[in-house]
Every structure is written in structure tokens, then in C-alpha cells.
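Novice: Residue numbers (the working numbering), protein chains in the order written: chain G, 202 to 345; chain H, 202 to 345.
In this text, a Cβ means the ideal position worked out from N, Cα and C, and glycines have one as well.
There's a structure below that I have some questions on.
Protein chains: 2
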Amino acid sequence: MSPELIDRLREAGYKITPPRLAVLEVIQREGEHLNPNEILAQAQAIHPQTGRATVYRTLELLTNLGIVRPIYVGDSGPTYIRAEGGHHHLVCSQCGRILDFEQCVADSMERELEARFGFRIKSHLLEFYGLCADCCGEETTGAS
Amino acid sequence: MSPELIDRLREAGYKITPPRLAVLEVIQREGEHLNPNEILAQAQAIHPQTGRATVYRTLELLTNLGIVRPIYVGDSGPTYIRAEGGHHHLVCSQCGRILDFEQCVADSMERELEARFGFRIKSHLLEFYGLCADCCGEETTGAS
DNA sequence: AATCAAATGAGACGAAATCTCATTTACAGC
DNA sequence: GCTGTAAATGAGATTTCGTCTCATTTGATT
């Protein structure tokens, strides 16, 4: 468990508790796209008496600190990803398929927006919506 | 109420019913960023006996037809926007403020991704996350 | 007008997130 | 190492949101 993140909590005035360590451990180990229930389950594997409310509270806390960020893709509720860096998805609005890709043109925009709006930008999300190759054919199939 | 959208429904084989007209009216009039509850309330102002289930069903239907699209920004559940075109947000992860901006570099990427993945892209969402000018100062203010 | 499948709405239902509050605990100060 | 205290926790109640069911209604075609 990286002491770096623990320090960020401590320096922000938060106490270092077993449930918080468990959630941090899960986030750091599993990384991406876990939903609150999965995080709860895995945190309980580390610290069994961890409660649901605490997981939600911790995720909110980590979000405010800019360590994680909720993301909604498709219709599958929120999942949590590390707050830094970019995430790029190609989403089929018919079958729900999601492709990730790396290439991104957003970086050049970041500096521009930072200058224009005074933001300090930490991450971005770029999603394209449309029909995937498979769904292109049956486009306007109509009512069932 | 634009007959154009009504025709799209009819041509897809759907019946033209009062609740559907009410939802379409609300979407078209209010435009952006309404959540299902708000849509329900406003649809009931037009057609009082409109039920919640029907609103959800209609939104799903309109989503499949590519007329609207759900969007999740911040932690405030889904809202619906018109499906066409791009949406660009600058989100402060501390205070939740959302700025919209128009300028976008995504268009050039669209063709590239269409070629690479065989998608037919209809819209995109570009969100930058960070701290707004006001929140930059108090960045790591810490626990309450 | 008659027909029939699609569409509807009321309420049951389920899941997910929030709230409450008594108890526990991390940590600063001694 | 102990103690005091406010922060943090967890269990469960509660709310909120969305889905499902099914009997009834209704739009569109003939």
C-alpha cells in the first residue's frame, strides 16, 4: 500500500483507519472500473466488518481529494477510476459495446482551457457514441 | 411539436400516443439536461395521467432511435440531451461547477475512429475534470 | 365500427444509495 | 503509555430510483 496516498489523506486531516486502508488497497490493486458493490466486497475481504456506508463515504472523500473519480458508461451505474489521466471510449448506443482506445487529441486542448477558464485540469473523458460495425446494418429496424 | 420527430416515430413503427407526444414536447421545448423525474413532471403538466413507467419506456425508445441520449455528469444521476452533435464540459471535481464550451477538436478524430473501428459515430462527449479557479486556492484544505 | 397487438398506468417489487445514531477508535496532548 | 475528544464507523432503517407485472385502454388498419 503506497505510503504516498496515505500521506495525502493524513495531510488533508483525515484519520487513517482500516476501512479507508482497505478501500485504498482495492482501488490501487484492482485499478479501474469497479462499482461500489465490488469495492465493498473486496474491501470486506481485507477488513471484514467494513460497512457499506463507509465505502460510500470513503469514495466521496477520495473523489474530493482528486484520487478517484466516478464514471458512468452505458447504463451500468457508476464505477470508479483513478482520477489522473485520460479515458477514451467508443460506445455503441445500440448493443452497448464499449471499446477503449488510447490515442487522444485532448492534451493540446487542456492547456488552452486552463488558460481560458482558470481551471487546473487533472483528467479528461472522451466518449464517442454511435453504431458499431455489427449494428450498422440493422440500423432502423423499428418497433419489436 | 415538430412533425419531423413524429414521423420518425411513425416510420419506425411506433404508435403516436399522448404520453409520447408529451415527452417529445418536453424534450424539444426544454432541450437539455433534464432528468427522468423532471421529464415526468413536465409531461404530466401536458398529459396528467402520464405514468412513470411510460416515461422511462419512452426515453429508452427515443434513445434507441438516436433522438436523445442519457448523460451522466458529476454525481447527479442521468439527464437527457439531444443525441446529435457534441457536448463539451469542464467540471470542477470539488465544487461541482460545470462550464460548457463549444470549441472542440474531436471532429477530426471521428473520421479516424470510424475508419479504424467501423463505427458510425453520431455524437461525442468531451469532459475535462479538475479544479476551477475558485477551488484552486483551497486545494487541500482537508477534513471538515 | 370492429379488430388486435401495442401501449399504458397503478402499484408491487428490487436494488442502490443515504441517513441515523449509538458505539468505537485514531490520534494529539500529556 | 494513558486519556480525552472529535472523527469515524457499522448496522439497519429509510428513501430514492428504476424495473416489472398485468389487467385495461387505445391507435391504426381494415
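For the stretch 227-302 of chain H, which segments carrying the beta strand (DSSP E) assignment without a break, of at least 3 residues, lie completely within its bounds, in sequence order?
Specialist: With a minimum length of 3 residues, the continuous beta strand (DSSP E) runs that stay inside the stretch 227-302 of chain H are 269-273, 279-283, 286-293 and 299-301.
Novice: Going by beta carbon distance, what residues of the same chain come within less than 8 angstroms of Glu328 of chain H, once the five residues before and after it are set aside?
Specialist: Only Val274, His289, His290, Leu291 and Val292 meet the Cβ criterion.
Novice: If I measure Cβ to Cβ from Ile272 of chain H and keep anything under 8 angstroms in the same chain, skipping five residues before and after, which residues do I get?
Specialist: His234, Pro279, Thr280, Tyr281, Ile282, His288 and Leu326, listed in sequence order.
Novice: Where DSSP assigns a beta bridge to Leu326 of chain G, which residues make up the other side?
Specialist: G:His288 and H:Glu328, per the DSSP bridge assignment.
Novice: Terminal residues of the continuous alpha helix (DSSP H) containing Ile207 of chain G?
Specialist: It spans Pro204 to Glu212 - the alpha helix (DSSP H) in which Ile207 of chain G sits, taken as one unbroken run.
Novice: Quick one, are the C-beta atoms of Thr259 of chain H and Val224 of chain H less than 8 angstroms apart?
Specialist: Taking 8 angstroms as the Cβ cut-off, Thr259 of chain H and Val224 of chain H qualify as a contacting pair.
Novice: Is it right to say Ser277 of chain G is buried, meaning 16 or more other beta carbons lie within 10 angstroms of its own, or is it exposed?
Specialist: Looking at its Cβ environment, which holds fewer than 16 other Cβ atoms inside 10 Å, Ser277 of chain G is exposed.
Novice: From the DSSP output, read off the bridge partner residues of Arg321 of chain H.
Specialist: Arg321 of chain H pairs with G:Leu332.
Novice: Under a Cβ-count criterion, where at least 16 other Cβ atoms within 10 Å of its own Cβ denotes burial, should Ser294 of chain G be classed as buried or exposed?
Specialist: So Ser294 of chain G ends up on the buried side.
Novice: Distance, Cα to Cα, Ala307 of chain G vs Glu313 of chain G?
Specialist: Going from the Cα of Ala307 of chain G to the Cα of Glu313 of chain G covers about 10 angstroms.
Novice: Run down chain G in chain order and give the residues with a C-beta less than 7 angstroms from the C-beta of Ser324 of chain H.
Specialist: Those are Tyr330, listed as they occur along chain G.
Novice: Just mark Arg270 of chain H as buried or exposed, buried being the case when its beta carbon has 16 or more other beta carbons within 10 Å.
Specialist: Its Cβ being crowded by 16 or more others within 10 Å, Arg270 of chain H is buried.
Novice: Which term fits Pro220 of chain G, buried or exposed, when burial requires 16 or more other beta carbons within 10 angstroms of its beta carbon?
Specialist: Burial call: buried.
Novice: Would a check of beta-carbon distances place Ser203 of chain G closer than 8 angstroms to chain H?
Specialist: Taking Cβ atoms only, chain H never reaches closer than 8 angstroms to Ser203 of chain G, which makes this a no.
Novice: Quick check: what's the CA-CA separation for Ala246 of chain H versus Glu231 of chain G?
Specialist: Between Ala246 of chain H and Glu231 of chain G, the C-alpha separation is close to 47 angstroms.
Novice: Please decide whether Arg321 of chain H counts as near chain G, where near means a Cβ-Cβ distance under 8 angstroms.
Specialist: So, interface residue.
Novice: Along chain G, in chain order, which residues have C-beta atoms closer than 9 angstroms to that of Glu311 of chain H?
Specialist: The answer, in chain order, is Phe329 and Gly331.
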